[in-house]
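Numbering (the UniProt record's numbering), first residue to last: 1 to 437.
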């Protein structure tokens, strides 16, 4: 039997997919379809109990075998498959930041000639923009957006009301004031949660913060970067004490009284907060306060790609089209509060679903993307160290600029050593930074 390996970092769900015409024929015979993903337990459960059985029902000759891996391990797995000439038929659905490691390493197939067989014609504008960007940047189509993800500001409306706050903050001055009011109202315990434990979560949140100050987070030390860290240094006095453990999975305090605001968190938490007993009226969600320079919002999410060495392109196309189809994309929204990239999936949503979609639609009007560079992991490591020094260890206010200058020089040196002086020079000239498409 042919072997189909699908690497997925998302979940999808729906019944009722319409078969898409194949561009290459290889539809006969049994196929063992293995996919790797990077999902939380609840997301993984939804995938295995809903999405995959529906796909198998439409393709009786394909059996799906599931493996859940961290995003970095998915990269390692794909590299091993390509290097070992054992790709088989593989589809990758990977974080739009991590995918850069595979692009720059030369592990991905140029899908320019086949992408139209599975891309939705109703791609939302920001996702179409990033697809156009990659053609200019890389000379071809090496990935197709699969789902978007946008960080939003969440709050417990009842907790704010109890403290005398009638509406969430729309400016950073109001955020500072509200954080101070909430802290005083709750026994001098900070009520603002931040994703501050490090790893990928903290640099991801900081990327949006620095961008909204007009900074270039990749450089670390332009005027906007410095001003953003100076603001956060002051704001950290009103963080919830647990912020040093905050990450993408931190939200339950909104339901159990641990904190009143989360700045920022991903849309998937909406359904989880409902399951924890919060009412729809208690859950507050909106794009968040505007930065002093812009209201740009970081667009995260996953993209589809195929490694070099595909042996069953037809099967890979069918699975990719299934994930991007309107019913499956609508399942992202309705069951997991994940933003879809297929605009048709937003038609006919109920009022409860619109609770999150409204803020998402507003936030995505000002999209900014992280550059998919091969060395993004090193950047994240340095940014984590900056965060620890300035915020967690609360270095002196006067040392902030020096710390950021040192971070800039550290990454410059790393690039010069590992990627050459030309890349390092381009880095210092601002060639790498927030992508506005």
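For glycine and all other residues, C-beta sits at the position ideal for the given N, C-alpha and C. The structure displayed is predicted, hence computed values, not measured ones.
Thinking C-beta only, is residue j closer than 8 Å to residue i?
{"i": "residue 275", "j": "residue 337", "result": "no"}
{"i": "residue 261", "j": "residue 109", "result": "no"}
{"i": "residue 117", "j": "residue 317", "result": "yes"}
{"i": "residue 141", "j": "residue 197", "result": "no"}
{"i": "residue 92", "j": "residue 372", "result": "no"}
{"i": "residue 391", "j": "residue 403", "result": "no"}
{"i": "residue 64", "j": "residue 77", "result": "no"}
{"i": "residue 366", "j": "residue 295", "result": "yes"}
{"i": "residue 94", "j": "residue 74", "result": "yes"}
{"i": "residue 289", "j": "residue 174", "result": "yes"}
{"i": "residue 182", "j": "residue 265", "result": "no"}
When we look at the beta-carbon of residue i and count the other beta-carbons within 10 Å, is it buried (16 or more) or exposed?
{"i": "residue 103", "result": "buried"}
{"i": "residue 443", "result": "The structure shown does not extend to residue 443, since the chain is modelled only from 1 through 437, so no value can be given for it."}
{"i": "residue 86", "result": "exposed"}
{"i": "residue 125", "result": "exposed"}
{"i": "residue 455", "result": "With the chain covering 1 to 437 only, the question about residue 455 has no answer from this structure."}
{"i": "residue 297", "result": "buried"}
{"i": "residue 25", "result": "In this prediction, residue 25 has a pLDDT of 36, which is less than 50 and means its spatial position is unreliable; what the coordinates show is noted afterwards. Exposed, because fewer than 16 other Cβ atoms sit within 10 Å of the Cβ of residue 25."}
{"i": "residue 394", "result": "exposed"}
{"i": "residue 201", "result": "buried"}
{"i": "residue 434", "result": "buried"}
{"i": "residue 325", "result": "buried"}
{"i": "residue 53", "result": "exposed"}
{"i": "residue 287", "result": "buried"}
{"i": "residue 383", "result": "buried"}
{"i": "residue 23", "result": "The predicted position of residue 23 is uncertain, since its pLDDT is 36 and thus under 50; no value can be drawn from it."}
{"i": "residue 131", "result": "buried"}
{"i": "residue 112", "result": "exposed"}
{"i": "residue 409", "result": "exposed"}
{"i": "residue 320", "result": "buried"}
{"i": "residue 203", "result": "buried"}
{"i": "residue 224", "result": "buried"}
{"i": "residue 165", "result": "buried"}
{"i": "residue 267", "result": "buried"}
Give the range of the beta strand (DSSP E) segment to which residue i is assigned.
{"i": "residue 155", "result": "152-156"}
{"i": "residue 265", "result": "261-265"}
{"i": "residue 33", "result": "31-37"}
{"i": "residue 95", "result": "89-95"}
{"i": "residue 283", "result": "283-286"}
{"i": "residue 305", "result": "300-305"}
Nearest by alpha-carbon distance to residue i: which of the options is it?
{"i": "residue 240", "options": "208, 186, 266, 220", "result": "186"}
{"i": "residue 171", "options": "190, 212, 205, 191", "result": "212"}
{"i": "residue 115", "options": "145, 101, 138", "result": "145"}
{"i": "residue 178", "options": "62, 203, 259", "result": "259"}
{"i": "residue 159", "options": "242, 101, 255, 97", "result": "255"}
{"i": "residue 432", "options": "42, 368, 95, 401", "result": "368"}
{"i": "residue 340", "options": "229, 90, 120", "result": "120"}
{"i": "residue 293", "options": "209, 150, 375, 302", "result": "209"}
{"i": "residue 60", "options": "30, 37, 107", "result": "30"}
{"i": "residue 333", "options": "147, 135, 94, 174", "result": "147"}
{"i": "residue 370", "options": "406, 279, 299", "result": "299"}
{"i": "residue 375", "options": "405, 401, 331, 218", "result": "218"}
{"i": "residue 343", "options": "330, 322, 354", "result": "330"}
{"i": "residue 310", "options": "90, 40, 162, 44", "result": "90"}
{"i": "residue 155", "options": "38, 191, 354", "result": "191"}
{"i": "residue 169", "options": "134, 284, 136", "result": "284"}
{"i": "residue 96", "options": "301, 388, 315", "result": "301"}
{"i": "residue 250", "options": "195, 232, 230, 199", "result": "195"}
Let's see if you can read the secondary structure: which residues bound the alpha helix (DSSP H) around residue i?
{"i": "residue 386", "result": "376-387"}
{"i": "residue 360", "result": "351-363"}
{"i": "residue 328", "result": "326-336"}
{"i": "residue 423", "result": "421-428"}
{"i": "residue 253", "result": "253-256"}
{"i": "residue 274", "result": "269-275"}
{"i": "residue 46", "result": "41-46"}
Segments of 4+ residues assigned as alpha helix (DSSP H) that fall wholly inside the segment 149-225: 157-162, 172-185, 201-212
Contiguous beta strand (DSSP E) assignments of at least 3 residues, all confined to the segment 59-138: 62-68, 89-95
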